[in-house]
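Novice: Structure below; questions to follow.
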Amino acid sequence: MSAASPLLISAAPRHTRLVRVTHWLTVIAFFALLITGAEIVISHPRFYWGETGNVNMQPLFSLHIPSSRDTVPTGYRYVMPDQNGWSRSLHFQAAWLAVLTGLVYVVFIFFTGHLRKNLLPAPRHRNWRAFRIVIARYLRRAPPGDAEAHSYNVMQRIAYLAVIFVLFPLIIWTGLALSPAFDSAFPWAVNVLGGRQSARTLHFFVSGLLVLFLVVHVTMIFLAGFWSRMRAMITGRAALPPEKL
Amino acid sequence: MTNISRRKLITTGLAATAGIGGLAVASRLARRYGLIPPDNGGVYGPGETMTYAVQKLLTRHSMAREFPRNMISKAPFANAVAPPNDQFKRLQANAFSHWRLSVDGLVARPGSFSISDLKSLPFRSQITEVVCEEGWSYVAEWIGTPLHEFLNQVGILPQARYVAYFSLDKDWWDSIDWADAHHPQTLLTWGMNDGDLPVGFGGPLRMRVPRQLGYKSVKYINRLTVTDSLKSIGKGLGSPEPEFGYSWYAGI
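Set out below in structure tokens:
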């Protein structure tokens, strides 16, 4: 396999096949959810806190954009095209894709040791000094160390763990809390969030945090070398300078 | 290399066979237990079917949240849907005393019922939230005849599986499965917040299905059909919503 490949490609895979497949499935699901989520928000770009909220009530905040429904006072004289129909269907179907992909991924990382080896910070990196070193290196724009050719640095690990075990569970939970049927079976799921409108507002905020992660993630990929990182996530092979092979 | 390829081929083949077999069994079981929604086709069919099947199993005995009286919204939002046609205005002029709910299909005693006929049946009052697909909501007290009490009154034939309900507003109708039709909170609603149901909120008669989004709670109901299949009603998708991309099952 390695013999046929160009010299610059290392033999050891940077990303296993399961990581690559689940990564790209998540990318597809994420963009579908993001676009359709934005379309759904446009039909009522006002956010509330508590159980109930509607145009007769004071919002917590409003987005200063036109709405796709003429019942919402926005200050704009026109109504945007209504895209809720397909947006809702695609949102829920993409949510299934994201949740099932996430389940496969989480089971995989627990059973293969990927979590322990590549995601949980190594014991010697569980201190502020390890973070400072990585941050200093980022700020100096210094090239990544050898270890990073095959695994993640401590900052990456913390960011990925936060997305996998905090933001994704939160976005799923706050999303499910918006389902009247799910709430009938598990009323605490919405009650502990402070009510239905609080759940909707939190769903919006968590999606904002996920977009923030996406922006930083893609920026870092550009800084680290777009094509080498893309090749690593598509073919699994990392590109290394010849002397490192 | 060839060894690995052969092994891979065999495992992939076995996995694919198991997968297809599993899907076939799952779909047979799903059909048998009524876990397939009428809008199961098309690009979004898989998502609709997954959601409906899972939530139907999760919500078999669940009740929509009910709220204390002090949580009733001071300013509920009526949404700008009103049937301004002449037929409705004539009925309104007579305080809806000539309003009739007709029932047909798989029932022992088809007929038509006035609002006061409905009020003579056992009624239920509940404080639940109306949840619009746009994102807004309000809480109100809803008073009405549980649909199952009404169905018992007209007598249901054993092959019945769905109840379709029609608005006086011509193109507006919907349907629910047997579990929702027999759910104690599914109300033929004629009262709201201690008074008659206002026209803006669907008066004189509105279906309330509180475990699903607001659009299932069709306003100005004047006809019910009990049926074993939704194929022959409209485009056969259970309601007009799927034609516009919306789910028939709106538990989300």
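Protein chains in written order, with our numbering: chain A, -3 to 241; chain B, 3 to 254. Ideal placement from N, C-alpha and C gives every residue a C-beta, glycine not left out. If you're wondering where the values come from, they're calculated on a predicted model, not measured in any experiment.
1. For the putative contact between Leu170(B) and Gln89(B), defined by C-beta atoms under 8 Å, what is the C-beta separation to the nearest angstrom?
2. Determine which residues of the region 51 to 82 of chain A have a Cβ less than 7 Å from any Cβ of chain B, and write them out in chain order.
3. Pick helix, strand or coil for Ser58(A), following the three-state DSSP scheme.
4. In chain order, what are the residue ranges of uninterrupted alpha helix (DSSP H) at least 4 long that sit wholly in the region 10 to 76 of chain B?
5. Once you ignore the five residues that flank Ala253(A) on each side, which residues in its own chain have a CB closer than 6 Å to its CB?
6. Would you please verify whether the beta carbon of Trp144(B) is less than 9 Å from any beta carbon of chain A?
7. Could you spell out where the beta strand (DSSP E) holding Ala106(A) opens and where it closes?
8. Just the C-alpha distance for Gly157(B) and Val162(A), rounded to the nearest angstrom, thanks.
9. Using the beta-carbon of each residue, which ones in chain A are nearer than 8 Å to Ile254(B)?
10. Whose C-alpha, out of Arg10(A), Ala173(A), Val75(A), Phe200(A), is nearest the C-alpha of Arg67(B)?
11. Does DSSP classify Gln152(A) as helix, strand or coil?
12. Beta-carbon within less than 7 Å of Asn114(A)'s beta-carbon, same chain only, minus the 5 sequence neighbours each way: which residues are those?
13. If we ignore side chains and look at the alpha-carbon of each, how far apart do Ile22(B) and Leu111(A) end up?
14. Is it buried or exposed, Ala20(B), if we count other Cβ atoms within 10 angstroms and call 16 or more buried?
15. Please list the residues of the region 60 to 72 of chain B that have a C-beta atom closer than 7 Å to any C-beta atom in chain A, keeping them in chain order.
16. Are Gln57(B) and Ser175(A) touching if we call contact CB-CB under 9 Å?
17. For a contact meaning CB atoms closer than 8 Å, what does Arg243(A) contact in chain B?
18. Give a yes or no on whether the C-beta atoms belonging to Val75(A) and Ser58(A) are separated by under 9 Å.
19. Roughly how far, in whole angstroms, is the beta-carbon of Tyr167(B) from the beta-carbon of Leu226(B), given that I think they are within contact range, below 8 Å?
20. Is the Cβ of Arg16(A) closer than 9 Å to any Cβ of chain B?
21. Name the residues in the region 209 to 229 of chain B whose C-beta lies less than 8 Å from a C-beta of chain A; which are they?
22. Is there a C-beta anywhere in chain B that falls below 9 Å from the one on Ile168(A)?
23. Please classify Ser128(B): does DSSP put it in a helix, a strand, or coil?
24. Could you tell me the boundaries of the beta strand (DSSP E) in which Asp106(B) lies?
25. In chain B, what lies closer than 8 Å to Trp92(A) by C-beta?
26. Is the region 235 to 251 of chain B in contact with the region 205 to 216 of chain A, if contact means three or more CB pairs nearer than 8 Å?
27. With a threshold of 16 other CB atoms inside 10 Å of the CB of Arg213(B), please say whether the residue is buried or exposed.
28. Could you check what DSSP says for Tyr74(A) in three-state terms: helix, strand or coil?
29. If we cut at 9 Å on Cβ distances, does Thr149(A) have a partner in chain B?
30. Mind checking the region 218 to 230 of chain A against chain B and listing, in chain order, the residues whose C-beta falls within less than 7 Å of any C-beta there?
31. Using beta-carbon positions only, say whether Leu123(B) and Glu143(B) come within less than 9 Å of one another.
32. So, helix, strand or coil for Arg233(A), using DSSP?
Specialist: Taking the structure as given:
1. For the purposes of this step, residue 170(B) is taken as residue 168 along the second sequence, with counting starting at 1. For the purposes of this step, residue 89(B) is taken as residue 87 along the second sequence, with counting starting at 1. Between Leu170(B) and Gln89(B) a beta carbon distance of about 7 Å is seen, short of the 8 Å cut, so the two are scored as contacting.
2. Identification of residues in the region 51 to 82 of chain A having a C-beta nearer than 7 Å to some C-beta of chain B yields Val51, Asn52, Met53, Arg65, Thr67, Asn80, Gly81, Trp82, given in sequence order.
3. In the first sequence, residue 58(A) corresponds to position 62, counting from 1. Reduced to three states, the DSSP call for Ser58(A) is strand.
4. Fully enclosed alpha helix (DSSP H) runs of 4 or longer: 47 to 60.
5. With chain A covering only -3 through 241, there is no way to say anything about residue 253(A).
6. For the purposes of this step, residue 144(B) is taken as the residue at position 142 of the second sequence. No, Trp144(B) does not count as interfacial toward chain A.
7. In the first sequence, the residue the question calls residue 106(A) occupies position 110. The sequence shown places Phe at residue 106(A), not Ala. Looking at the DSSP string, Phe106(A) is not in any beta strand (DSSP E); the run it does join, the alpha helix (DSSP H), is 80 to 108.
8. In the second sequence, the residue the question calls residue 157(B) occupies position 155. In the first sequence, the residue the question calls residue 162(A) occupies position 166. Distance between Gly157(B) and Val162(A), taken at the CA atoms: about 52 Å.
9. Looking up residue 254(B) in the second sequence gives position 252. Against chain A, the beta carbon of Ile254(B) has neighbours under 8 Å at Phe88, Leu174, Ser175, Pro176, Ala177, Phe178, listed in chain order.
10. On the second sequence, residue 67(B) is found 65 positions in, with the first residue counted as 1. From the listed residues Arg10(A), Ala173(A), Val75(A), Phe200(A), the smallest Cα separation to Arg67(B) is found for Ala173(A).
11. By one-based count along the first sequence, residue 152(A) stands at place 156. DSSP places Gln152(A) in helix when its eight states are reduced to three.
12. Within the first sequence, numbered from 1, the residue matching residue 114(A) stands at position 118. Excluding residues within five positions, the ones whose Cβ falls inside 7 Å are Ser147, Tyr148.
13. Working through the second sequence from its first residue, we reach residue 22(B) at position 20. Working through the first sequence from its first residue, we reach residue 111(A) at position 115. Between Ile22(B) and Leu111(A), the C-alpha separation is close to 31 Å.
14. Working through the second sequence from its first residue, we reach residue 20(B) at position 18. By the neighbour-count rule (16 or more Cβ atoms within 10 Å), Ala20(B) is not buried but exposed.
15. Flagged, chain order: Leu60, Thr61, Ser64, Met65, Ala66, Arg67.
16. Translated into positions along the second sequence, residue 57(B) becomes position 55. Translated into positions along the first sequence, residue 175(A) becomes position 179. Taking 9 Å as the Cβ cut-off, Gln57(B) and Ser175(A) qualify as a contacting pair.
17. There is simply no residue 243(A) to check, as chain A begins at -3 and stops at 241 in what is shown.
18. Residue 75(A) sits at position 79 when you count from the first residue of the first sequence. Residue 58(A) sits at position 62 when you count from the first residue of the first sequence. The Cβ atoms of Val75(A) and Ser58(A) do not sit closer than 9 Å to each other.
19. Here residue 167(B) corresponds to residue number 165 of the second sequence, with the count starting at 1. Here residue 226(B) corresponds to residue number 224 of the second sequence, with the count starting at 1. Rounded, the Cβ-Cβ distance is 5 Å, consistent with contact.
20. In the first sequence, counting from the first residue as 1, residue 16(A) sits at position 20. Not one chain B Cβ lies under 9 Å of Arg16(A).
21. Within the region 209 to 229 of chain B, the qualifying residues are Pro212, Arg213, Gln214, Leu215.
22. The residue you call residue 168(A) lines up with position 172 of the first sequence. It does not; no Cβ of chain B falls within 9 Å.
23. Within the second sequence, the letter at position 126 stands for residue 128(B). It is Gln, not Ser, that sits at residue 128(B) in the sequence shown. It is a strand residue.
24. As a working note, residue 106(B) is residue 104 in the second sequence. For Asp106(B), the uninterrupted beta strand (DSSP E) run begins and ends at 103 to 107, by DSSP.
25. Within the first sequence, the letter at position 96 stands for residue 92(A). Going along chain B in sequence order, the residues near Trp92(A) (Cβ under 8 Å) are Pro48, Gly49, Met52, Thr53.
26. Contact between the region 235 to 251 of chain B and the region 205 to 216 of chain A is absent, with fewer than three C-beta pairs closer than 8 Å.
27. As a first step, residue 213(B) must be located in the second sequence, where it is residue number 211. Looking at its Cβ environment, which holds 16 or more other Cβ atoms inside 10 Å, Arg213(B) is buried.
28. For the purposes of this step, residue 74(A) is taken as residue 78 along the first sequence, with counting starting at 1. For Tyr74(A), the three-state secondary structure derived from DSSP is coil.
29. Looking up residue 149(A) in the first sequence gives position 153. The identity of residue 149(A) in the sequence shown is Asn, whereas the question assumes Thr. It does not: the Cβ of Asn149(A) has no partner Cβ on chain B nearer than 9 Å.
30. Residues: none.
31. If you number the second sequence from 1, residue 123(B) lands on position 121. If you number the second sequence from 1, residue 143(B) lands on position 141. For the 9 Å CB-CB criterion, Leu123(B) and Glu143(B) do not form a contact.
32. Residue 233(A) sits at position 237 when you count from the first residue of the first sequence. The three-state reading of DSSP puts Arg233(A) in strand, counting E and B together.
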